[in-house]
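Read top to bottom, the protein sequences are chains A and B.
Numbering follows the working numbering, in which position 99 of the first sequence is assigned residue number 97; successive positions increment by one, without gaps.
Numbering follows the working numbering, in which position 237 of the second sequence is assigned residue number 238; successive positions increment by one, without gaps.
Beneath this line is the structure, given in structure tokens, with notes to follow.
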Amino acid sequence: MSGGPATENKGTHLERAAALKETRPYSPCRAACPVNTDVQAYVGFIAQGRYAEAFEVIRSVNPIASACSVICHHPCEQACRRCSVDEPLSVRHLKRFALEQAADYRRSKRRLIEKTKNKSIGIIGSGPSGLTAANDLADMGYKVTIYERHPVLGGMLATAIPSYRLPREALKEDIDDVISKGIEVKTNCEIGKDVALKDVMAKHDAVLLALGLSLSRSLNIPGVEGQGVLLAIPFLADVAFNKKPDLGNRVLVVGGGNVAMDVARAARRLGIKDVEMVCLESAEEMPAWKWEVDEAVDEGIKIHHRWGPKAVKREGDKVKGLEVTKVLSVFDAERRFSPTFDNNQTTLIEADTIIITIGQMANVKFLKDSPVQVDERGRVTWDPKTQMSSARGVFCSGEVVTGPGSAIAAAASGHRSAIAIHLYLQGEAIEGALPTYQKEKLPELPADVVEKINREPRKKIKHLPAETRCSSFVPFEFGYDELEALEEAGRCRGCAGGAVVDTKKCMACLTCRRVCPYGAPVVQAYSEINPERCQACGLCAPECPAQAISMVSYDVRGPRDTMPEIVGAVDPKRQEPVIVAFLCTHHVGVKGFELPENVRKVPVHCTSRIDVNDLLKAFECGADGVAVVRCGNGSCKYKGVEGRVTARTEHAKKLIAMLGMEAGRIGLLTADAGNGKSYAAACAEFSGRVKEMGLKDAK
Amino acid sequence: MIVGSQKSIDEIWNMVKDFKKVLVFGCNTCVAISHAGGGKEAETIATLLRMRASQEGKSMEVDHTDVMRHCEPEYFEPVMDELKKYDLILSTACGVGVNFLSQRIGKIPVYPGVNTSFYGAVEAPGQFVELCAGCGNCILHLTGGICPVARCSKTLMNGPCGGTNKGKCEIGPEVDCAWYLIVERMKELGTLDKLAEIQPVRNWSTSRDGGPRRVSLEHIRAYEEGEARKSETAGGNK
């Protein structure tokens, strides 16, 4: 009964909150992620310096996390509600930081998983969707074999994306995580060549076709056949396997998508100074991500917009250039791709090598005469509701059936396939049982709430200068250092991680409504806190007289419940006072809090979350003094915190005075935001003052 | 609602110091609204008592819990078995809750952690004001909605007295004269003439002077008692 609220206290707060989160709208970042990564949760862990836990959140849904941390197109960032304040949170770089910090922890967690189910699955292809399905099925206790035609695992991640963008060490971490579960790997094993599909089907209880789109589409124009004209995927594979194709002095890349950017930028890194691109679209219409285009332009790549390929011009066998026609329009009135040309306007773009990067398709030749049907356009016939092909027990996932998309979307498809296969092997219905990852999300921040949020510019990422980065395939993007990452993580507004009212305890007293600076609580029969407005500051929870308010994103009772461990054993012969310091970690996280040995730190993200009972508990557990260290200079992330926290500390002072203790044993201190050392200095100075008051019951 | 205010820790300590296992039992309705005896305050008191016990070198176990209301048995009955594990219940409910629990919990003493102050309103956050005295015979329609029983220091029925001074009461410059307020309010309502009518001597038997009070609703009691009789009869037939 001592715990007060009769809440279930098993597992971590995150685990306990998981079911609750499912009943509420997701944060837009989470809803936008194809695998619904709980961004708010892991960014919160980063802000607290809890990198292993951040890793666990990320890895729990994303087996290609390290790859995503460098190549993901981060729809989470595009959805970030900070967009209406200043700039989105730099989620991808925070993910990369967390994974780098947790590298040792991650490796230590790799385990062989016991095969508890007497069924085996053959997975053809080891790209994002194949790896994800292998990961999930191994977790469920199935025997899994991966068939990969290349000598390495990873699919396009390993054989197409150049290493300047996806360092292979990062990809290896993802692959090692999966393989360590005890998966049989057959590399250099092409179905239809090294092993027959029917043998794979006979050997396994289920088969997954995670083939990807491994063939480049070509152009049907005069002169395209012959040397000097390359296709993107074979070119990128050559690059990936360190084969240096002879490209001459001038390279022209045809296409305006992200793969075209990889091709052009890889060509630059092969030493070609003159790399140009030509595409049908204008700069605004190009399908490539804007940042990819900007980086390519920085690297000296020239883009010819709104020209369509007409013919490859040759002098003898040798390519002279590409004749192109002016594009009048790319899309029709219904925004369908339907280019029109002005045939009177043509020009020649000179080049020694032309690389065609206009799209990809699946290589399904080996499915001919198999029970797996392929339609007239070369697409595998499948049922998206069950992920099954026309052949019973043969499933599909990833781009081979969904069409071109992102790596993380392919991973989502892999998750679905794994569940589908599991249900199939257990004889259960698949339809309706697969996750859709389509969740209700919070709407944009209301305008009056936006006004109350401090503008804090996004932490910029450093890149190698364009002049130097093109000389090799060295990764050009630097990650955050710890201080940068902590500061960036502090920008997160904690959407959907805010206050929740226990309606069994709430008596509608209006305290939360009076406390909230953002107008989130609506009190009628009981209080309901509108997650659209709630900023997860936590100001309300410690004020609630019925202790009816908890927070989705953190455990409001955490500091009190763990205080005995935080304080530890108190030496009765101690020379220095034991100080418990509640520290605002908004600006510097936990970095720089190299506090004197006698100071026990309680990182709280914002002092708004401190309860009078937390302060008392620290004394009960043996503290001689309790400090609340706020960030100064008006830098508080939230509104209305200073006055409330001052009131709480003053109240706590009165309470300890009733026990005959000096009020000065509680200190509300201020430190320079962004300077960890000033937090340590404030604590040291306070510790000195407490020492003068004497050590509580020290003999 | 009922407004409560916490007793000092010294006073509470003197009540509880000889017990070994104490439960601070919060009430999450009226006294929680007045930040005196809800779950949060119960936890605070429990912590302070443990600290005090430690200071005094006493071995004492102090826990805390809370329920929605102490004045209806259905709310505390689910935790009754837990309550009975303690030597003492320090109730932070109003006096109603202390009485009510005390007569239901058997041999375990129930002590008050809160002073029950008055029936009041939340004038502003953290500020509570007495506006009704529960006299059992309401005349607010005659006094412009301002209660002379609760708000006049002398409980005058025909005021003001000579102690009124520029709208304030003679007992202190911070106390409003209720009869000044009544006059101003009735001017505003255009009913000042009603004050010319002398109120007769008041019958205080509906208030404290008539002994303990009880409100019994016949239409509900008749049914409940009927049901109780039926179940007794059924029990007797067994």
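All C-beta atoms in this analysis are idealised placements derived from N, C-alpha and C, irrespective of residue type, glycine included.
All figures in this text were calculated on a predicted structure; none of them were measured in a lab.
Cβ-Cβ distance between residue i and residue j below 7 Å
i: ALA349 of chain A; j: GLY319 of chain A; result: yes
i: CYS681 of chain A; j: LEU593 of chain A; result: yes
i: CYS170 of chain B; j: GLY98 of chain B; result: no
i: ILE301 of chain A; j: MET275 of chain A; result: yes
i: VAL83 of chain A; j: VAL37 of chain A; result: no
i: CYS468 of chain A; j: ARG267 of chain A; result: yes
i: ALA208 of chain A; j: ILE121 of chain A; result: yes
i: PRO562 of chain A; j: CYS619 of chain A; result: yes
i: VAL273 of chain A; j: THR355 of chain A; result: no
i: ALA431 of chain A; j: VAL398 of chain A; result: no
i: ILE13 of chain B; j: CYS95 of chain B; result: no
i: VAL150 of chain B; j: THR156 of chain B; result: yes
i: PHE364 of chain A; j: ILE119 of chain A; result: no
i: HIS303 of chain A; j: SER280 of chain A; result: yes
i: LEU89 of chain B; j: PHE20 of chain B; result: yes
CB contact check: residue i to chain A, cutoff 7 Å
i: ILE109 of chain B; result: no
i: ASN238 of chain B; result: Because the pLDDT of ASN238 of chain B is 49, which lies under 50, any placement of that residue in the model is unreliable, and the number read from its coordinates should be weighed accordingly. It does not: the Cβ of ASN238 of chain B has no partner Cβ on chain A nearer than 7 Å.
i: MET52 of chain B; result: yes
i: ALA33 of chain B; result: yes
i: ASN116 of chain B; result: no
i: THR45 of chain B; result: yes
i: ASN29 of chain B; result: yes
i: THR93 of chain B; result: no
i: HIS71 of chain B; result: no
i: LYS22 of chain B; result: no
i: GLY39 of chain B; result: yes
i: PRO126 of chain B; result: yes
C-beta neighbour in chain B for residue i, strict 7 Å
i: CYS493 of chain A; result: no
i: CYS538 of chain A; result: no
i: ARG512 of chain A; result: yes
i: LYS503 of chain A; result: yes
i: SER0 of chain A; result: At SER0 of chain A the pLDDT is 44, less than 50, meaning the model places this residue with poor confidence and gives no usable figure here.
i: GLN436 of chain A; result: no
i: THR5 of chain A; result: In this predicted model, THR5 of chain A has a pLDDT of only 45, less than 50, meaning its place in the structure is not dependable; the value taken from the coordinates is given anyway. By this cut-off, THR5 of chain A is not an interface position.
i: GLY692 of chain A; result: no
i: GLN545 of chain A; result: yes
i: CYS532 of chain A; result: no
i: LYS697 of chain A; result: Note on LYS697 of chain A: pLDDT 43, under 50, position unreliable in the model; the coordinate value appears next. Taking Cβ atoms only, chain B never reaches closer than 7 Å to LYS697 of chain A, which makes this a no.
i: MET656 of chain A; result: yes
i: CYS619 of chain A; result: no
i: LEU614 of chain A; result: yes
Among the options, the one whose alpha carbon lies nearest that of residue i
i: THR351 of chain A; options: A:VAL249, A:GLY120, A:ASP174 and A:VAL291; result: A:VAL249
i: LEU110 of chain A; options: A:SER404, A:GLU321 and A:GLY180; result: A:GLY180
i: SER336 of chain A; options: A:LEU278, A:GLY391 and A:ALA294; result: A:LEU278
i: LEU193 of chain B; options: B:TRP180, B:PRO201 and B:TYR120; result: B:TRP180
i: SER60 of chain B; options: B:HIS36, B:VAL23, B:GLY146 and B:TYR120; result: B:VAL23
i: LEU211 of chain A; options: A:GLU293, A:GLY401, A:GLY120 and A:GLY139; result: A:GLY401
i: CYS136 of chain B; options: B:VAL123, B:ILE109, B:VAL4 and B:GLY211; result: B:GLY211
i: CYS178 of chain B; options: B:LYS167, B:ILE10 and B:TYR120; result: B:LYS167
i: MET16 of chain B; options: B:ASN159, B:LEU91 and B:GLU198; result: B:LEU91
i: CYS532 of chain A; options: A:GLU442, A:CYS81 and A:GLY376; result: A:GLU442
Endpoints, beta strand (DSSP E) assigned at residue i
i: ASP330 of chain A; result: It is not in any beta strand (DSSP E) - ASP330 of chain A carries neither H nor E in the DSSP assignment.
i: VAL23 of chain B; result: 22 to 28
i: PRO307 of chain A; result: 305 to 313
i: HIS65 of chain B; result: 62 to 68
i: THR274 of chain A; result: Thr is not the amino acid found at residue 274 of chain A; the sequence shown has Glu there. Looking at the DSSP string, the run of the beta strand (DSSP E) that includes GLU274 of chain A is 272 to 277.
i: SER6 of chain B; result: 3 to 7
i: VAL554 of chain A; result: Careful: VAL554 of chain A lies outside any beta strand (DSSP E) and carries neither H nor E.
Endpoints, alpha helix (DSSP H) assigned at residue i
i: ASN133 of chain A; result: 126 to 137
i: LEU141 of chain B; result: Careful: LEU141 of chain B lies outside any alpha helix (DSSP H) and carries neither H nor E.
i: LEU132 of chain B; result: Where LEU132 of chain B is concerned, there is no enclosing alpha helix (DSSP H), although the beta strand (DSSP E) it sits in stretches over 128 to 133.
i: LEU481 of chain A; result: 480 to 487
Quick check: the stretch 497 to 517 of chain A against the stretch 547 to 564 of chain A, are at least 3 beta-carbon pairs closer than 8 Å? yes
Is the stretch 598 to 608 of chain A in contact with the stretch 574 to 584 of chain A, if contact means three or more CB pairs nearer than 8 Å? yes
Do three or more CB pairs link the stretch 230 to 250 of chain A to the stretch 387 to 397 of chain A at distances below 8 Å? no
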